[in-house]
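Heads up: the sequence shown at position 96 corresponds to 610 in my numbering, and the numbers run straight through without jumps.
Here is the structure we will look at.
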Amino acid sequence: MISTINIPTDVVTLQALLLASEERNGRKDDRIERLEKLVADFKRALFGSKSEKVSTEQYELALEDIEVAMAAIHTEDEQDVGLTTKPKEPRRTNRGSLPKHLPRVEEVITPDSIICDCGCERHIIGEDVSERLDIVPSQFRVMVTRRPKYACRSCENGIIQAPAKPHLIEGGMPTEATLATIVINKHADHLPLFRQAGIFARQGVHLDRSTLAKWLGRVAHELTPVYECLKADLKQSTKLFMDETTAPVLDPGRGKTKTGYLWALARDDRPWGGSAPPSVAFTYAPSRAGKHAVEILQGFDGVLQVDGYTGYNRVKDRRDNAPIELAYCWAHARRKLFELTINNVAPIAEEGLKQIKAFYRIEAQIKGLSADERRTIRQEKTLPRMKDFEQWLAYKCAQVSAKSPTGLALKYIAKYWDGLNLFLTDGRIEIDNNTVERCMRPIALNRKNALFAGHDAGAQNWAMLASIIETCKLNKVEPHAYLTGVLTAIAQGHKQKDIEQLLPWNFGK
């Protein structure tokens, strides 16, 4: 029997309920349609065809917006009384997932009364504990330092007072932690100084952008010895990566920007169990000429892994530098073939990509093994496939026109064949140059946010500070704590002869 309790009997109220129900159903249909479109967009962004020219960050940004929109629609459903027909399941706590080093602020919620109906006081038999992440916005505080003066009442032997502690900017407003924050905001979180000035102003701290720039310049000057030590340490290695990217720089004389370059020199021996810590150093140069690579590599003697840019051939000239052997990048070779398959039918390119994919499958299996083990497995498994690829390459080059897109892609691989095969004989060498390309992604983000550097010296400071921050990240060192500690040590007179102690992987040990 259907209960009729609380059902109104007047026609006007029933009509209103009916209209409200139809409105809810209309909103439900609208939300379903919107969700279906968002799900289709989500799948297309996640699983659709991706050109290698599109950065990972762009896809992540698209997915973020879609996920936010989907969550908003689900929230509408939850808040629409007419659509929640079944009771909510108890929320599963995510207990223990928050980092232990975060401070805990405890709140104890007790009943209004713990007196039982019988008159006795109830006692605790257990408790439910939940943890939620709470964020306090950037909190500014003023460090007040008092230095009392002491004098003797019995004699006139003079006044004593503790000396002031040294600071990086003597007589200035910022602490070393404040300076570290400005550096991190600009070069790790990609916030230009004028935006930082706006954030400070919201806290009532009004600082001109030019003041922040002066502070940042002082930090760059003081960290220069650390940066030079980092570069010297890198060049003691026997195997490095190198790449370059554009760095727009303002050209005041012409009233527009000119194109400079940041050259990256990187080391990461972790894939083959090497003991040297990973690091990267950027150097600004006004052009992409090979002579700059020669200058940066002065003192380095070993294997340099690069892309196919012809400027790197200059480093092999022993008149200019120590003997350097060039290993080339299979990712760039693969990209030449991949570009042919975008919106085109390219059987030869697809066949080549399939063979290169087999090389990468073997590399995934040997990651983390020693250099000798990697070399042995490559000789057993990759070398036979590489010989087959070489025969296939020669045959296809003879089949197609050398000036056709396919011919040019195959010619690129043939041109760098010896350097592309060098990883087969040396377990320290990677199959591609992606290590250094990953290090350079933050440079691209900073370039998008800041648009250009103000001058050549500013671009070099950008390179230097980015080197230190990215090396911290590679060594899992928290950059803000590191910079605060290092700037404090420098202010307190850290000796130049012990500068290696200030490198990210050594500091604090």
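Here a beta-carbon is modelled for each residue, glycine too, at the ideal position from N, C-alpha and C.
The structure displayed is predicted, hence computed values, not measured ones.
Measuring CA to CA, which of the options is closest to residue i?
{"i": "K830", "options": "L851, A807, F852, K850", "result": "A807"}
{"i": "K679", "options": "D703, K1011, F654, G1007", "result": "G1007"}
{"i": "V622", "options": "G640, E635, C630", "result": "G640"}
{"i": "G787", "options": "P898, G686, H615, S884", "result": "S884"}
{"i": "P617", "options": "V914, E645, L532", "result": "E645"}
{"i": "K614", "options": "Q710, L647, G633, S627", "result": "L647"}
{"i": "H735", "options": "E992, I673, E894, G972", "result": "G972"}
{"i": "R802", "options": "S789, G825, V650", "result": "G825"}
{"i": "R848", "options": "G882, D524, L934, K901", "result": "L934"}
{"i": "L612", "options": "A702, C634, T624, I649", "result": "I649"}
Under three-state DSSP, which class holds residue i?
{"i": "T508", "result": "The displayed coordinates of the chain run from 515 to 1023. Any statement about residue 508 would go beyond what the structure contains."}
{"i": "I674", "result": "strand"}
{"i": "L956", "result": "It is Pro, not Leu, that sits at residue 956 in the sequence shown. Helix at P956."}
{"i": "A761", "result": "strand"}
{"i": "G933", "result": "helix"}
{"i": "R655", "result": "coil"}
{"i": "F1021", "result": "coil"}
{"i": "F718", "result": "Here the sequence assigns Gly to residue 718, which means Phe is not the residue at that position. Note: G718 maps to coil in three-state DSSP."}
{"i": "V950", "result": "helix"}
{"i": "L726", "result": "helix"}
{"i": "K772", "result": "strand"}
{"i": "V817", "result": "strand"}
{"i": "E865", "result": "helix"}
{"i": "I983", "result": "helix"}
{"i": "V794", "result": "strand"}
{"i": "Y826", "result": "helix"}
{"i": "K663", "result": "strand"}
{"i": "A778", "result": "strand"}
{"i": "I629", "result": "strand"}
{"i": "A691", "result": "helix"}
{"i": "A803", "result": "coil"}
{"i": "L754", "result": "strand"}
Work out the CA separation of residue j and residue i for me, nearest whole Å.
{"i": "D757", "j": "L776", "result": "9 Å"}
{"i": "E877", "j": "S751", "result": "23 Å"}
{"i": "I870", "j": "P762", "result": "35 Å"}
{"i": "E864", "j": "F903", "result": "13 Å"}
{"i": "Q754", "j": "K917", "result": "Residue 754 is actually Leu in this sequence, not Gln. About 34 Å."}
{"i": "V820", "j": "R892", "result": "20 Å"}
{"i": "K745", "j": "Q1010", "result": "16 Å"}
{"i": "R667", "j": "V658", "result": "28 Å"}
{"i": "L706", "j": "I713", "result": "Note on residue identity: the sequence assigns Pro, not Leu, to residue 706. Cα to Cα, the separation comes out at about 11 Å."}
{"i": "S915", "j": "D940", "result": "34 Å"}
{"i": "E809", "j": "L1017", "result": "23 Å"}
{"i": "P792", "j": "N858", "result": "40 Å"}
{"i": "H994", "j": "K805", "result": "35 Å"}
{"i": "R875", "j": "V656", "result": "56 Å"}
{"i": "T760", "j": "A778", "result": "11 Å"}
{"i": "A908", "j": "L988", "result": "41 Å"}
{"i": "G1004", "j": "P739", "result": "Residue identity check: residue 1004 is Ile in the sequence provided, not Gly. One C-alpha to the other measures close to 10 Å."}
{"i": "A860", "j": "A845", "result": "18 Å"}
{"i": "Q913", "j": "L851", "result": "16 Å"}
{"i": "V719", "j": "I674", "result": "35 Å"}
Using C-beta distances below 7 Å, list every residue in its chain close to residue i, excluding the 5 sequence neighbours before and after it, in chain order.
{"i": "E1014", "result": "C743, N1020"}
{"i": "P919", "result": "L854"}
{"i": "R732", "result": "L682, I683"}
{"i": "E984", "result": "V794, C953, P956"}
{"i": "C630", "result": "R636"}
{"i": "T896", "result": "F873, I876, L938"}
{"i": "A676", "result": "R661"}
{"i": "L748", "result": "L754, L779, R781, S793, A795"}
Do residue j and residue i come within 7 Å of each other at the CB atom, strictly closer than that value?
{"i": "A694", "j": "L997", "result": "yes"}
{"i": "W729", "j": "P662", "result": "no"}
{"i": "V619", "j": "L979", "result": "no"}
{"i": "D782", "j": "T890", "result": "no"}
{"i": "A977", "j": "Y798", "result": "yes"}
{"i": "D946", "j": "C843", "result": "yes"}
{"i": "L840", "j": "L867", "result": "no"}
{"i": "R899", "j": "A872", "result": "yes"}
{"i": "S981", "j": "F796", "result": "yes"}
{"i": "E690", "j": "L1001", "result": "yes"}
Looking only at its chain, what residues have a beta carbon closer than 6 Å to the beta carbon of residue i, apart from the 5 residues adjacent to it on each side?
{"i": "P800", "result": "G774"}
{"i": "Y930", "result": "G822, Y842"}
To which residues of the same chain is residue i closer than 8 Å at the C-beta, ignoring the five residues directly before and after it?
{"i": "C911", "result": "G921, L924, K925, A928"}
{"i": "D815", "result": "T752, A836, P837, I838"}
{"i": "Q717", "result": "S652, F654"}
{"i": "I880", "result": "E887, R888, I891, R892"}
{"i": "W906", "result": "E865, G866, Q869"}
So is residue i in contact with chain C if we call contact Cβ pairs under 7 Å?
{"i": "R618", "result": "In the displayed structure, chain C is absent; only one protein chain is listed."}
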